[in-house]
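To keep things clear, I will list the structure first and then write my remarks on it.
In my numbering, the protein residues as written are 3 to 155.
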C-alpha cells in the first residue's frame with residue numbers, strides 16, 4: 003500500500019508541472035482513485051519485490067555507502083536541478099532524502115554487481131568454487147581430494 007501511495011504521489015507531482023492536474027486527469031479518464039490504486043497494485047508489488055531482492059543482494063555482497071558518498075550523490079542531484087541554497091540545506095539534513103538516495107544507490111550498485119557476476123562468467127564461478135572448497139577444507143580440517151577423470155568416460 004505504501005508503494006501504491008508513493009506511485010500516486012509521484013503521478014500527482016508529475017501533473018503539477020503540466021497544464022492538467024491529477025484530479026482533472028482522473029475526472030477525464032472516468033476513474034476513481036481506488037481504480038487507480040487497483041491498477042497500480044501489480045506494478046507496486048513487482049517494485050517492492052525487486053527492491054527486496056536487490057536489498058538482499060546488496061547485503062550479501064557487502065554493499066554499503068558512506069555519508070560522503072551520499073553527500074556526493076546529493077550534490078549531483080543539485081547540479082541537475084535548480085534548487086535554492088535553503089532547499090539544499092533542508093534536503094541535506096533530511097533523513098528521508100538521505101535514506102532515499104542511499105537506497106537508490108544501493109540498488110544501482112547491486113544491479114552493477116549482478117552484471118559483473120553475469121559478465122564475469124568463469125572467473126566468478128571459479129572464485130565461488132574456490133571459496134566453497136576453502137569452506138569445506140576449513141570445516142573438515144583436511145584438503146579436498148581430487149580424482150583424475152578421463153574425457154569421454
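By construction, the Cβ of each residue, glycine as well, lies at the ideal position given by its N, Cα and C atoms.
Nearest-angstrom Cα separation, counted from residue j out to residue i
| i | j | result |
| --- | --- | --- |
| residue 134 | residue 51 | Because the pLDDT of residue 134 is 47, which lies under 50, any placement of that residue in the model is unreliable, and the question is left without a value. |
| residue 101 | residue 78 | 16 Å |
| residue 121 | residue 113 | 12 Å |
| residue 39 | residue 82 | 31 Å |
| residue 131 | residue 32 | At residue 131 the pLDDT is 49, less than 50, meaning the model places this residue with poor confidence; the figure from the coordinates comes in the next sentence. Using only the alpha carbons, I get a separation of about 58 Å. |
| residue 41 | residue 34 | 11 Å |
| residue 8 | residue 63 | 28 Å |
Beta-carbon proximity of residue i to residue j, cut-off 7 Å
| i | j | result |
| --- | --- | --- |
| residue 60 | residue 30 | no |
| residue 94 | residue 67 | no |
| residue 6 | residue 46 | yes |
Reduced DSSP secondary structure (H/G/I, E/B, other) of residue i
| i | result |
| --- | --- |
| residue 113 | helix |
| residue 23 | coil |
| residue 78 | helix |
8 Å contact criterion, which residue i and residue j should meet: CB distance rounded
| i | j | result |
| --- | --- | --- |
| residue 65 | residue 115 | 7 Å |
For residue i, the nearest candidate out of the options (CA to CA)
| i | options | result |
| --- | --- | --- |
| residue 164 | 17, 76, 36 and 56 | The structure shown does not extend to residue 164, since the chain is modelled only from 3 through 155, so no value can be given for it. |
| residue 44 | 72, 3, 24 and 84 | 3 |
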